[in-house]
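Residue numbers (my numbering): 0 to 330.
Right, one structure below, let's go through it.
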């Protein structure tokens, strides 16, 4: 275990004045959900991983208590120097080697739509994005650096300590390559209460010498606060709520490598409960800012951007048309 330097200041666009906050009894703290009391000014803390140690750093760092509090309060946290640059380079090379061994498969959107009046599962490949799961049948053929990353539980152990109620018990990882042909991801959340028990998502970036014209930035939607755009710099780790944090990846015009991870657990997520059942909100619209409803309200607020992200992320196909139709029906 080793130290790393920690949170990077993230400068979101100016945010509108948020709606008035209900009293604490009506608006309880919502774990891993953006808080209406989140600061509108840029984050200026300099904290990071804990439990220092000597020797070569090979795994992903642990996060500090302050980083965990930021994750809980805002629904996301950005940590720089999560891995040293030489290790980032090794992982990027390993992903490209896996591609040369035909271990990478196209990334696709899986969705359930109500086409023809009956729910149906659709599968739509994204443009220019491929990936490899760091587990399962392919793990034996993976480069050592990638298989070692899957075995490393350093970060999960840290998250388990900071969030014991989540009951974190597993991690799933992928190595991902965007070939730079404009590939992107639509606005979405990583978890669906009907299909999985993901609590925390993470993206570890491996892109040295990235510049703004390369694209591929991560955009978070911590609704009702303004969107935040994060640069995909080498060694940078972004953690966010799987169930509540809407996000997208902007088109990449240069190769972009990253590792993605999802931490699942047996605990009860706030989004799966209604802590304010029976509470009368004054004004009534304040209920729409509760964690169970924010994603739905955000879809309406960002309906045009959402539709555009679906169109640019996927190849033109009948399945994409169904996904767009489903979006507008939900709106």
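Backbone N, C-alpha and C define an ideal beta-carbon position, used for all residues, glycine too.
Values in this document were obtained by computation on a predicted structure and should not be read as measured data.
- Task: Determine the closest residue to residue 145 out of 126, 257, 211 and 298, with distance taken between C-alpha atoms.
- Result: 257
- Item | Coarse secondary structure for residue 66, derived from DSSP in three states | helix
- Query: Secondary structure at residue 107, three-state DSSP: helix, strand or coil?
  - Reply: strand
- For residue 87, which residues from the same chain have a beta carbon less than 6 Å from its beta carbon, with the 5 sequence-adjacent residues on both sides left out? 205, 233 and 234
- Query: For residue 189, does the count of other Cβ atoms within 10 angstroms reach 16, so buried, or fall short, so exposed?
  - Reply: buried
- Within the segment 129-158, note down every full alpha helix (DSSP H) run reaching 4 residues or more, in order along the chain. 143-150
- Task: Throw me the rounded Cβ distance for the residue 158 and residue 148 pair, which I believe falls under 8 Å.
- Result: So it is not a contact: roughly 16 Å between Cβ atoms.
- Out of 179, 296, 61 and 107, point me to the one whose CA is closest to residue 210's CA. 179
- Message: In the DSSP output, what is residue 76 paired with across the bridge?
- Response: 238
- Exposure of residue 117, with buried meaning 16 or more beta-carbon neighbours within 10 Å: By the neighbour-count rule (16 or more Cβ atoms within 10 Å), residue 117 is not buried but exposed.
- Task: On a CA-only basis, which of 292, 74, 198 and 82 is nearest residue 219? Give me that one, please.
- Result: 74
- Contact set for residue 295: own chain, Cβ-Cβ below 6 Å, skip 5 residues either direction: none
- When you compare only the Cα positions, how much space is there between residue 107 and residue 81? 28 Å
- Cβ neighbour criterion (16 or more within 10 Å) applied to residue 109: A residue is called buried once 16 or more other Cβ atoms fall within 10 Å of its Cβ, and residue 109, having fewer, is exposed.
- Does any CB atom of chain E fall closer than 8 Å to the CB of residue 125? Included in the structure is just one protein chain, with no chain E present.
- Coil, strand or helix - residue 120 by DSSP: strand
- Task: Quick one: residues in its chain with C-beta nearer than 6 Å to the C-beta of residue 266, no 5 flanking neighbours on either side, listed in chain order?
- Result: 164, 165 and 166
- Task: Measure the alpha-carbon distance for residue 292 versus residue 142 and round it to whole angstroms.
- Result: 43 Å
- Thinking C-beta only, is residue 245 closer than 8 Å to residue 231? no
- Quick one: grab the DSSP three-state call for residue 196. coil
- Message: Considering only DSSP beta bridges, list what residue 206 is partnered with.
- Response: None, per the DSSP bridge assignment.
- Query: Identify the residues that DSSP records as bridge partners of residue 60: which are they?
  - Reply: According to DSSP, which records beta bridges pairwise, residue 60 is partnered with nothing at all.
- Name, in chain order, the residues that DSSP records as bridge partners for residue 229. According to the DSSP secondary-structure assignment, residue 229 is paired through a beta bridge with 217.
- Query: With a Cβ-Cβ cutoff of 8 Å, do residue 312 and residue 261 count as a contact?
  - Reply: no
- Message: To the nearest angstrom, how far is the alpha carbon of residue 124 from that of residue 105?
- Response: 6 Å
- Query: Count the other CB atoms within 10 Å of the CB of residue 84; is the residue buried (16 or more) or exposed (fewer)?
  - Reply: Residue 84 comes out exposed.
- Item | Distance, residue 131 Cα to residue 263 Cα | Each residue's alpha carbon lies about 19 Å from the other.
- Message: Let me confirm a value: residue 170 is counted as buried when at least 16 other C-beta atoms fall within 10 Å, else exposed. Which label applies?
- Response: buried
- At which residues does the beta strand (DSSP E) containing residue 300 begin and terminate? Premise fails: residue 300 lies in the alpha helix (DSSP H), 293-300, not in any beta strand (DSSP E).
- Item | Whole-angstrom distance between residue 90 and residue 24, CA atom to CA atom | Any reading at residue 24 needs caution, since the residue's pLDDT is 26, under 50, leaving its predicted position unreliable; the model's value is listed next. The alpha-carbon atoms of residue 24 and residue 90 are separated by roughly 47 Å.
- With residue 318 as the anchor, note down where its beta strand (DSSP E) starts and where it stops. If you look at residue 318, you'll find it isn't in any beta strand (DSSP E); it sits in the alpha helix (DSSP H) that goes 317-329.
- Expected contact under 8 Å - CB spacing of residue 181 and residue 126 to nearest Å: 6 Å
- Query: Who are residue 98's beta bridge partners in DSSP?
  - Reply: None, per the DSSP bridge assignment.
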